[in-house]
Amino acid sequence: MFFRNKITYWYENNRRDLPWRRTADPYNIWISEVILQQTRINQGINYYYRFIELFPTVEKLAKADEELVLKVWQGLGYYSRARNLRQGAIDVVNNYNGKIPTSYKELLKIKGIGEYTAAAIASIAFNEPVAAIDGNVFRVLSRFLGISEAINSTRGKIVFRQKANELMDIHQPGTYNQAVMEFGALACTPKKPDCDNCPLASHCFALKNKLVEQLPVKLPKNSKRTRFFSYFIIIDNESILLNKRTQNDIWKNMFDFPCIETNIEASPEKLTETSEWLQIFGAKKVEINKISKNITHLLTHQKIVIQFIHVSAKPSEMAVNKQFSIYNKSEAQKLPCPKPIVIYIEKENLF
Ligand code: SF4
2 MFFRNKITYW YENNRRDLPW RRTADPYNIW ISEVILQQTR INQGINYYYR FIELFPTVEK
62 LAKADEELVL KVWQGLGYYS RARNLRQGAI DVVNNYNGKI PTSYKELLKI KGIGEYTAAA
122 IASIAFNEPV AAIDGNVFRV LSRFLGISEA INSTRGKIVF RQKANELMDI HQPGTYNQAV
182 MEFGALACTP KKPDCDNCPL ASHCFALKNK LVEQLPVKLP KNSKRTRFFS YFIIIDNESI
242 LLNKRTQNDI WKNMFDFPCI ETNIEASPEK LTETSEWLQI FGAKKVEINK ISKNITHLLT
302 HQKIVIQFIH VSAKPSEMAV NKQFSIYNKS EAQKLPCPKP IVIYIEKENL F
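Going letter by letter, the sequence shown gives residues 2 to 352 in this note's numbering.
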C-alpha cells in the first residue's frame, strides 16, 4: 500500500507529458512501447510521430511494404522490432478481424508481442492488472524490496514478476505500471538516484542497508562476437550496386553493399582469394581506389568491424543476381539501410 500510494502520487506530480500518454488506443500504445524498447524517449518521440502519421491504423501498417516500414525505422536499430510490428499487424488483421486483442493472454499470441509489451497494452488500454516489467521496474523493485536475484536470470524473472504483481494497484493498473517505469527513469536512476528527495526513502531496503550501488544484480553477459565486414563500393555517376540482406541475420531485408565477411581482419589481397570475391567480381580485374578506416559498430551481442573499399568496377559491368541489384541513386535513397551504411553514404556523399 505504502509503495503504490507513494509512487502513483509521485507520478501524478512528476510525469512527463508524452504523446502516447494522451491516448488509450491500444495500437498507439503498442507502437510507442515497441519504439521505446532500447531507445531513449527523446530519440523515440520523433519516430513515434512519423510512424503514426504514415501508418495511423493497424490495417494501414498491415498493408504497408516492409521496405517502407524499415525505411521509417532506419536509425533506430533492432530492425526485427519493425518487421515484427508489421507482422503483428498482419496477424491482427487476418486473425482478429483488425481488432487488437483486449487481454494479456491473447496479446501474447500476436507475433512480436512479448510479455512486457502485452502487459503494457493490456494494463494501459484495457485496465487489466498485470505488471509491465522493464529495466526501470527491475531497478526500483530490486532496490526498494532488496531483491538480490539477478534480473537476467530465469529465477530472478520469476521472483520479480511475482513481486511486481503483488504490488500492482488493481484499480488503476495502467497508471501504476507507468508510474513505476517513470519513477525508475527519472528518480531511481541507474547512477546517482535521487534518494534525498525520494518518497519511498523511509522504507527503501537498499538505502537503509547501503546497497543502492549494488542493486540490481545482473549476471555478466557473454562477450560479444566480433565480425569483420569488408564492403565494396561499386558506383558510377548514376547508379550503385546494392545487396539485399535476405539471410536470417542482422539487418534482414535491409540494403547494404556487396560484402565479404571474415572472422579476422583481412587485407584486400586476402579478400581476393575468397570464394565471395569470385561471386562478386568473377574473373574481372578490379583495382582498389580507396579503403576507409575501420569503423566499429556495436550491437547487443555483436561487434561489427567495417571497412569500405572503393573499387574501379562499375555497376553496369557487374553480373546482377538475386542478391545484388543496380539502383539509380534516387531509387537507392528510398531503400532502408543499416545505420553504419547510412552514415558512410552521407559522409562520402555517395548519393
Ligand atoms: S531511496 Fe533511492 S534507491 Fe531507494 S527507491 Fe528511492 S531513489 Fe531508489
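The beta-carbon is built from N, C-alpha and C at its ideal position, and this holds for glycine as well.
**Prompt:** In whole angstroms, what is the alpha-carbon distance linking K222 and F206?
**Reply:** Here residue 222 refers to the residue found at position 221 of the sequence shown. Here residue 206 refers to the residue found at position 205 of the sequence shown. Approximately 26 Å, taken between the alpha carbons.
**Cα-Cα separation, S293 to E349** = As a position in the sequence shown, residue 293 is number 292, starting the count at 1. As a position in the sequence shown, residue 349 is number 348, starting the count at 1. When rounded, the separation of the alpha-carbon atoms in S293 and E349 is 10 Å.
**Prompt:** How many angstroms separate the CA atom of N128 from the CA atom of P174?
**Reply:** Within the sequence shown, numbered from 1, the residue matching residue 128 stands at position 127. Within the sequence shown, numbered from 1, the residue matching residue 174 stands at position 173. Distance between the alpha carbons of N128 and P174 is about 6 Å.
**Request:** Buried or exposed for N198, please, with buried defined as at least 16 other CB atoms from any protein chain shown within 10 angstroms of its CB.
**Result:** The residue labelled residue 198 in the question sits at position 197 within the sequence shown. N198 should be labelled exposed.
**Euclidean distance between Cα positions of R23 and Q75** = Here residue 23 corresponds to residue number 22 of the sequence shown, with the count starting at 1. Here residue 75 corresponds to residue number 74 of the sequence shown, with the count starting at 1. Separation of R23 and Q75 (C-alpha to C-alpha, rounded to the nearest whole angstrom) is 26 Å.
**Message:** Could you give the first and the last residue of the continuous alpha helix (DSSP H) run that contains T9?
**Reply:** The residue you call residue 9 lines up with position 8 of the sequence shown. 3–15 is the extent of the alpha helix (DSSP H) around T9.
**Asked** In the DSSP assignment, what residue or residues form a beta bridge with R228?
**Response** Taking the first residue of the sequence shown as position 1, residue 228 is located at position 227. Answer is I305.
**Request:** Using a Cβ cut-off of 7 Å (strictly closer), state whether T40 contacts chain B.
**Result:** Looking for chain B here will not work: only one protein chain is present.
**Message:** Am I right that L242 and F325 are in contact with their C-beta atoms under 8 Å? What's the rounded C-beta distance?
**Reply:** Translated into positions along the sequence shown, residue 242 becomes position 241. Translated into positions along the sequence shown, residue 325 becomes position 324. Approximately 6 Å separates the beta-carbon atoms of L242 and F325; this is inside 8 Å, confirming the contact.
**Own chain, CB closer than 8 Å to S104, minus 5 neighbours either side, in chain order** = For this step, residue 104 is matched to residue 103 along the sequence shown. Cβ-Cβ distances below 8 Å link S104 to A123, F127, E129 in the same chain, with the five nearest sequence neighbours on each side left out; the list follows chain order.
**Asked** Can the beta-carbon of Q303 be found closer than 7 Å to that of R226?
**Response** As a first step, residue 303 is located in the sequence shown; it is residue number 302 there, counting from the start. As a first step, residue 226 is located in the sequence shown; it is residue number 225 there, counting from the start. Yes. Within cutoff.
**Item:** Pocket of the ligand SF4 defined by Cβ to heavy atom distance under 5 Å
**Value:** Screening all residues for a C-beta within a distance smaller than 5 Å of any heavy atom in the ligand SF4 leaves R144, F145, C189, P194, C196, C199, L201, A202, C205, A207, L208, V213, in chain order.
**Message:** Quick check: the Cα distance between R140 and E60, rounded to an integer number of angstroms?
**Reply:** Looking up residue 140 in the sequence shown gives position 139. Looking up residue 60 in the sequence shown gives position 59. Rounded to the nearest angstrom, the two C-alpha atoms are 37 Å apart.
**Item:** Top-ranked residue by Cα proximity to V131, from I159, V160, D170
**Value:** Sequence index remark: in the sequence shown, residue 131 carries index 130 (1-based). Checked all of I159, V160, D170; the closest Cα to V131 is D170.
**Prompt:** Straight-line CA distance for L108 to I36?
**Reply:** The count along the sequence shown starts at 1 and reaches residue 108 at position 107. The count along the sequence shown starts at 1 and reaches residue 36 at position 35. Between L108 and I36, the C-alpha separation is close to 17 Å.
**Message:** By alpha-carbon positions, which one of L300, K285, C338, I342 ends up nearest to I315?
**Reply:** The count along the sequence shown starts at 1 and reaches residue 315 at position 314. Rather than Ile, the amino acid found at residue 315 in this sequence is Lys. Cα-wise, what sits closest to K315 is K285.
**Asked** How would you label R156, buried or exposed, when you count the other beta carbons within 10 angstroms and need 16 or more for buried?
**Response** By 1-based counting over the sequence shown, the position of residue 156 is 155. Taking all protein chains shown into account, R156 has fewer than 16 neighbouring C-beta atoms within 10 Å of its C-beta and is therefore exposed.
**Message:** What residue range does the alpha helix (DSSP H) around S326 cover?
**Reply:** Locating residue 326 in the sequence shown gives position 325, counting from the first residue. That residue, S326, is in no alpha helix (DSSP H); its beta strand (DSSP E) goes 325–329.
**Prompt:** Can you check whether the CB of I307 is closer than 7 Å to the CB of S240?
**Reply:** Against the sequence shown, residue 240 aligns to sequence position 239. Against the sequence shown, residue 307 aligns to sequence position 306. The answer is no: Cβ separation not under 7 Å.
**Asked** In its own chain, which residues sit with a C-beta less than 6 Å from the C-beta of L336, not counting the 5 before and 5 after it?
**Response** Taking the first residue of the sequence shown as position 1, residue 336 is located at position 335. Taken in chain order, the residues that qualify are F256.
**Prompt:** Got a sec, what are the start and stop residues for the beta strand (DSSP E) E262 sits in?
**Reply:** Counting from one through the sequence shown, the residue named residue 262 turns up at place 261. Where E262 is concerned, the enclosing beta strand (DSSP E) stretches over 260–263.
**Request:** Give the DSSP-derived three-state secondary structure of L216 in the structure shown.
**Result:** Within the sequence shown, the letter at position 215 stands for residue 216. Looking at L216 - three-state DSSP - the assignment turns out to be coil, as it is neither helix nor strand.
**Request:** Alpha carbon to alpha carbon, how far is D250 from S268? Give it in angstroms, no decimals.
**Result:** Against the sequence shown, residue 268 aligns to sequence position 267. Against the sequence shown, residue 250 aligns to sequence position 249. A straight line joining the alpha-carbon of S268 with that of D250 spans about 24 Å.
**Request:** Drop a sphere of 10 angstroms on the beta-carbon of S317, count the other beta-carbons inside from all chains shown, and report buried for 16 or more, exposed for fewer.
**Result:** Walking along the sequence shown from the start, residue 317 turns up at place 316. Counting Cβ neighbours within 10 Å, S317 comes out exposed, since fewer than 16 surround it.
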